[in-house]
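Notes to accompany the following structure.
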Amino acid sequence: MNPASVDAAMAQIEGPFDRVIVASGALEIDGYAPEKTIQAVTAQGMADQFAVNAIGPALILKHIKRLCPRRAPAAVAVLSARVGSIGDNNIGGWISYRAAKAAVNQIIRTSAIELGRTHPELALIALHPGTVATKFSANYTARHPTQTPENAAQHMAQVIEAMTPKNSGQFFDWAGKSIEW
28 MNPASVDAAM AQIEGPFDRV IVASGALEID GYAPEKTIQA VTAQGMADQF
78 AVNAIGPALI LKHIKRLCPR RAPAAVAVLS ARVGSIGDNN IGGWISYRAA
128 KAAVNQIIRT SAIELGRTHP ELALIALHPG TVATKFSANY TARHPTQTPE
178 NAAQHMAQVI EAMTPKNSGQ FFDWAGKSIE W
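Counting from 28, one number per residue, gives the positions in the sequence shown under the numbering used here.
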């Protein structure tokens, strides 16, 4: 991930936008799959997870103040994952991915507080898309029901449309149900 390229790309985008979805993310990076135990963690694997799943969205969120209206309703959803919930972690594993998603959740929460000061009608949320039948999750769907990309998109759009500033800084799943941090 190259921060300068993110800034250069974002500088070319002009707003205002009333809906923004930050959908960067990766589960497997350069052959490094989610770990089943702490012994499998590597510094590079964890750094790569943080680069894509936490730092990347943070670098995009730096530009939201400029891209969203200050005095009109707007919603920004950053795709996260239920496995990034500390309170909902009952099975362990996937340490680097979980930690990176927990980090992006904190970035979203903190950014929502800051942006609420200048953009009082903005809702910035973490959004779990569910387990979607794509290449992203193909190796991990045996124990989880999946939904089609079309259904996931429709459900997430409904959640985003329902967001108001009172929801800003919160974490929701694709069905609009709150997820604990």
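Note that the Cβ used here is the ideal one computed from N, Cα and C, for glycine as well.
Look at L151 here: in three-state DSSP terms it is strand. Here V79 carries a helix assignment [DSSP, helix/strand/coil]. In the three-state scheme derived from DSSP, where H, G and I count as helix and E and B as strand, L54 is classed as coil.
In the structure shown, the three-state DSSP call for S205 is strand. Annotation: the continuous alpha helix (DSSP H) that includes V131 extends over 122–145. Look at the beta carbons and you see the segment 67–79 touching the segment 122–141: at least three pairs across the two are nearer than 8 Å.
The alpha carbon of T145 has as its nearest neighbour, out of V105, A99, G111, the alpha carbon of A99.
Distances from the alpha-carbon of H171 to those of M183, G157, G58, H182 put G157 closest.
The beta carbons of A130 and M190 sit no closer together than 8 Å. A direct Cα-Cα distance of roughly 22 Å separates A127 from K204. Exposure of M28 is indicated by the presence of fewer than 16 other C-beta atoms within 10 angstroms of its C-beta.
Inclusion of I152 and I134 in the CB contact set at 8 Å is not warranted, their separation being larger than that value. Less than 8 Å divides the Cβ of C95 from the Cβ of P43. In the three-state scheme derived from DSSP, where H, G and I count as helix and E and B as strand, D34 is classed as helix. In this structure, DSSP gives R170 a state outside helix and strand, which the three-state scheme calls coil. Where R93 is concerned, the enclosing alpha helix (DSSP H) starts and stops at 91–94.
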